[in-house]
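The structure appears right after this line, and notes come after that.
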Amino acid sequence: MASLASSVAAMSVSTEGISAVSSESEVQRSVSFELELHRNIVEMFCFFALIYLEIENFHFGYLETVLKTVSRKN
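Counting from 1, position 66 in the sequence shown corresponds to residue 66 in the UniProt record's numbering; the numbering is continuous, with no gaps.
What follows is the structure in structure tokens.
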């Protein structure tokens with residue numbers, strides 16, 4: 001009877017360890033997913049910032065050309 005109780009106790013300890021490992025791997029997956037999500041958000045922000053800067057650069061170049069043309073006519 002004592003050996004049966006000790007084997008049941010050992011089985012319960014081993015299953016608790018398995019569930020702890022699986023929850024740890026779930027936490028790691030969740031953290032890596034969040035890091036990937038934040039990295040993607042930062043990449044999108046940088047991409048749109050570059051597009052904005054290119055548009056502003058184009059407008060500045062266009063305005064500079066217009067101002068040079070207007071100043072030559074006067």
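Beta carbons are placed, not taken as given, at the ideal position from N, Cα and C, and that holds for glycine. Please read these numbers as outputs of a predicted model, since none were measured by experiment.
Residue i to residue j span [Cα, whole Å]
i     : j     : result
Val66 : Glu56 : 15 Å
His59 : Glu36 : 35 Å
Arg39 : Cys46 : 11 Å
Leu50 : Val31 : 29 Å
Glu43 : Ser23 : 30 Å
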